[in-house]
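A.B. asks:
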Amino acid sequence: MEQGKKTILSGIQPSGDLTLGSYLGALKSWVELSEEYNCYYMLADLHSITVRQVPADLRRRTLTQVAVYVAAGLDPEKNVLFVQSHVPAHAELAWVLNCYTMFGELSRMTQFKDKSAKNAENINAGLFTYPVLMAADILLYQADLVPVGADQKQHVEICRDIATRFNGIYGDVFRLPEPFIPRSGARIMSLTSPEHKMSKSDTDPNGCVYLLDKPEDIMRKFKKAVTDSDTERCVHYDPAAKPGVANLMTIYSVATGKSLDEIEAEFSGLGYGAFKPRVGEAVVELFRPIREETDRLLQDKAYLEGICRAGAEKASCAAERTLRKVYKKVGFAAR
Ligand code: ATP
Ligand code: LTN
Numbered sequence: 006m007e008q009g010k011k012t013i014l015s016g017i018q019p020s021g022d023l024t025l026g027s028y029l030g031a032l033k034s035w036v037e038l039s040e041e042y043n044c045y046y047m048l049a050d051l052h053s054i055t056v057r058q059v060p061a062d063l064r065r066r067t068l069t070q071v072a073v074y075v076a077a078g079l080d081p082e083k084n085v086l087f088v089q090s091h092v093p094a095h096a097e098l099a100w101v102l103n104c105y106t107m108f109g110e111l112s113r114m115t116q117f118k119d120k121s122a123k124n125a126e127n128i129n130a131g132l133f134t135y136p137v138l139m140a141a142d143i144l145l146y147q148a149d150l151v152p153v154g155a156d157q158k159q160h161v162e163i164c165r166d167i168a169t170r171f172n173g174i175y176g177d178v179f180r181l182p183e184p185f186i187p188r189s190g191a192r193i194m195s196l197t198s199p200e201h202k203m204s205k206s207d208t209d210p211n212g213c214v215y216l217l218d219k220p221e222d223i224m225r226k227f228k229k230a231v232t233d234s235d236t237e238r239c240v241h242y243d244p245a246a247k248p249g250v251a252n253l254m255t256i257y258s259v260a261t262g263k264s265l266d267e268i269e270a271e272f273s274g275l276g277y278g279a280f281k282p283r284v285g286e287a288v289v290e291l292f293r294p295i296r297e298e299t300d301r302l303l304q305d306k307a308y309l310e311g312i313c314r315a316g317a318e319k320a321s322c323a324a325e326r327t328l329r330k331v332y333k334k335v336g337f338a339a340r
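Numbered by my numbering, the letters in the sequence shown go through residues 6 to 340 in order.
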């Protein structure tokens, strides 16, 4: 790790195939920030078992996700890419932080409320303490910045609250992290129900565009995307009145670099029939190199496993340093 550079930590759960939301909300910023910062990018597999997973699928998706990280532009020599469960310090610090986190503050987390409603048959303790594990992830590396989509802002805030409480008792142990939320693309909505976030564990595969989808599937999903009943079929940015169209405009804007005004001008008088396939084409081209490179990397499993092994070693080294300090501060006897 280079001296003088600030530190980033972020993660994505291997709980499903990565989506346009994971890419525009997180992965794209990770790549953009990776030159300027010392970066730790994680596969949050410990988090993913808060919802029941099929073990073989979880294992396969974990390796695929490593390939996607590299294919999207994260150089494994310059960034520490690792699997959360390979670094035991995450679970260890999470236990300690559980004892410095209040039941009431966890009860207020909107993700907990949403996921409890979606998984009413399995509201487990891990789902409840999910933000504590996430705080441990961030604080172990003394991260300055945490690039995430808007839905994770509340979790970075509770992380700061936990760190502040701990530092208040024991002195300056943890650095307080800031969230980094992309200006556009922070909240990509489902193509079929634009009032809901596009989410990789969504049960409606048409609402979700996957990074590794075939071009014809991407095109089909965009052609079917929900718009509205505006008789003029006007491509105009108004998230409250036209959430479907606003979402498609955001996607087109982030994929092409065009501003919302330029997009309105480009499609003026053309209607949704011309607009939707154009958004689809832009996303196909955005994802094409990533999909092709991922397919190539997946041929070499040993290479991908090597990346994870080297990443876990580097990550453990940094994480252990913080964990030892914490153990000492709370009064655990020396080993
Ligand atoms: P799950 O459905 O399993 O909860 P998810 O699709 O919501 O998963 P996460 O793994 O929770 O994805 O999120 C990975 C990162 O991508 C986070 O930083 C999150 O904020 C961001 N992200 C996920 N979905 C979107 C979205 N629709 N728009 C913008 N950012 C998103
Ligand atoms: N909870 C995050 C994934 C995640 C994460 C992290 C993000 C786990 N640990 C640490 C940033 C920093 C999510 O996207 N659902």
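Cβ atoms here follow ideal geometry from the backbone N, Cα and C, with glycine treated the same way.
How many angstroms separate the CA atom of Glu1 from the CA atom of Ala338?
C.D. replies: Because the chain spans 6 through 340 in this model, residue 1 falls outside it and cannot be assessed.
A.B. asks: For a test of your reading of the model: does the CB of Ser206 fall under 7 Å from any non-hydrogen atom of the ligand ATP? Yes or no.
C.D. replies: Flag set: Cβ of Ser206 near the ligand ATP.
A.B. asks: Can you list the alpha helix (DSSP H) stretches of 4 or more residues lying completely in the segment 134-211, in chain order?
C.D. replies: You should have 158-175.
A.B. asks: Please go through the same chain and pick out, in chain order, the residues whose beta-carbon is closer than 8 Å to the beta-carbon of Ala315, but skip the five residues on each side of it.
C.D. replies: Answer for Ala315: Pro81, listed in chain order.
A.B. asks: So, helix, strand or coil for Met224, using DSSP?
C.D. replies: Reduced to three states, the DSSP call for Met224 is helix.
A.B. asks: To the nearest whole angstrom, what separates the beta carbons of Leu132 and Thr197, a pair I think is in contact under 8 Å?
C.D. replies: Rounded, the Cβ-Cβ distance is 25 Å, inconsistent with contact.
A.B. asks: Would Ile3 and Val289 be called neighbours here (beta carbons separated by less than 8 Å)?
C.D. replies: Because the chain here runs from 6 to 340, residue 3 falls outside it and cannot be looked at.
A.B. asks: Going by beta carbon distance, what residues of the same chain come within less than 6 Å of Leu86, once the five residues before and after it are set aside?
C.D. replies: If we look at Leu86 and ignore the five residues flanking it on each side, its Cβ neighbours are Tyr46, Tyr74, Ile312 and Gly316.
A.B. asks: Should the segment 17-27 be regarded as contacting the segment 192-207, the criterion being three or more beta carbon pairs within less than 8 Å?
C.D. replies: With the cut-off at 8 Å, the segment 17-27 and the segment 192-207 touch.
A.B. asks: State the CB to CB distance for the pair Pro136 and Thr67, rounded to an integer number of angstroms; the pair is presumed to be in contact (CB under 8 Å).
C.D. replies: In fact, because the Cβ distance is near 22 Å, the residues do not count as touching under 8 Å.
A.B. asks: Leaving out five residues on either side along the sequence, give the residues of the same chain with a beta carbon under 6 Å from the beta carbon of Asn252.
C.D. replies: Excluding positions up to five away in sequence, the list reads Met194 and Pro199.
A.B. asks: For the beta strand (DSSP E) holding Phe87, just list the boundary residues, first then last.
C.D. replies: Run containing Phe87: Val85 to Val88, per the beta strand (DSSP E) assignment.
A.B. asks: CB of Ile295 to nearest heavy atom of the ligand ATP: below 7 Å?
C.D. replies: Incorrect: Ile295 has no Cβ contact closer than 7 Å to the ligand ATP.
A.B. asks: For the alpha helix (DSSP H) containing Cys322, list its first residue and its last residue.
C.D. replies: Taken as a continuous stretch (DSSP letters only), the alpha helix (DSSP H) holding Cys322 covers Lys306 to Val335.
A.B. asks: What residue range does the alpha helix (DSSP H) around Tyr257 cover?
C.D. replies: Residues Pro248 to Thr261.
A.B. asks: At the level of alpha carbons, what is the spacing between Thr12 and Lys83?
C.D. replies: Distance between the alpha carbons of Thr12 and Lys83: 13 Å.
A.B. asks: Is the beta carbon of Ser15 within less than 7 Å of some heavy atom of the ligand PLP?
C.D. replies: Annotation note on the ligand PLP: not contained in the displayed structure, which lists the ligand ATP and the ligand LTN as its ligands.
A.B. asks: Considering only the beta carbon of each residue, do Thr327 and Leu144 sit closer than 8 Å?
C.D. replies: Against a cut-off of 8 Å, the Cβ pair of Leu144 and Thr327 comes out as a contact.
A.B. asks: Is His160 close to the ligand LTN? I mean its beta-carbon at under 7 Å from any heavy atom of the ligand.
C.D. replies: Yes, the Cβ of His160 comes within 7 Å of a heavy atom of the ligand LTN.
A.B. asks: How far does the alpha helix (DSSP H) with Thr67 in it extend, from its first residue to its last?
C.D. replies: Per DSSP, Thr67 belongs to the alpha helix (DSSP H) from Pro60 to Ala76.
A.B. asks: Where does Phe185 land, buried or exposed, given buried means 16+ other C-beta within 10 angstroms?
C.D. replies: Buried.
A.B. asks: Could you check whether the Cβ of Tyr277 sits closer than 8 Å to any Cβ belonging to chain B?
C.D. replies: No chain B is part of this structure, which consists of one protein chain only.
A.B. asks: To the nearest angstrom, report how far apart Asp22 and Gln70 are at their CA atoms.
C.D. replies: Answer to the nearest angstrom: the Cα atoms are 8 Å apart.
A.B. asks: Quick check: does the Cβ of Lys10 come within less than 7 Å of any heavy atom belonging to the ligand ATP?
C.D. replies: Lys10: no, Cβ never under 7 Å from the ligand ATP.
A.B. asks: Got a sec? Which residues, its chain only, sit under 6 Å from Cys213 by beta carbon, not counting five neighbours each side?
C.D. replies: If we look at Cys213 and ignore the five residues flanking it on each side, its Cβ neighbours are Thr24, Met203 and Asp207.
A.B. asks: Can you have a look at Gly249 and say buried or exposed, based on whether 16 or more other CB atoms are within 10 angstroms of its CB?
C.D. replies: The residue in question, Gly249, is buried, as its Cβ has 16 or more Cβ neighbours within 10 Å.
A.B. asks: Using only the alpha-carbon positions, how far apart do Glu310 and Arg283 sit?
C.D. replies: In a straight line, the C-alpha of Glu310 is about 38 Å away from that of Arg283.
A.B. asks: Following the continuous beta strand (DSSP E) through Asn43, name the residue where it begins and the one where it ends.
C.D. replies: It spans Asn43 to Leu48 - the beta strand (DSSP E) in which Asn43 sits, taken as one unbroken run.
A.B. asks: Would you kindly report the start and end of the unbroken alpha helix (DSSP H) that includes Leu302?
C.D. replies: Leu302 -> alpha helix (DSSP H) spans Tyr277 to Leu302.
A.B. asks: So, helix, strand or coil for Tyr105, using DSSP?
C.D. replies: Correct three-state label for Tyr105: coil.
A.B. asks: With three or more C-beta pairs closer than 8 Å as the rule, is the segment 96-105 touching the segment 319-335?
C.D. replies: Result yes; three or more Cβ-Cβ pairs closer than 8 Å.
A.B. asks: CB of Val153 to nearest heavy atom of the ligand LTN: below 7 Å?
C.D. replies: Checking the Cβ of Val153 against the ligand LTN gives yes.
A.B. asks: Among the residues of its own chain, which have a CB less than 8 Å from the CB of Asp50, if the five just before and after it don't count?
C.D. replies: Hits under 8 Å: Gln18, Pro19, Leu63, Thr67, Val88, Gln89 and Ser90.
A.B. asks: Quickly, what does DSSP pair Thr24 with across the bridge? List them, please.
C.D. replies: According to DSSP, Thr24 bridges with Tyr215.
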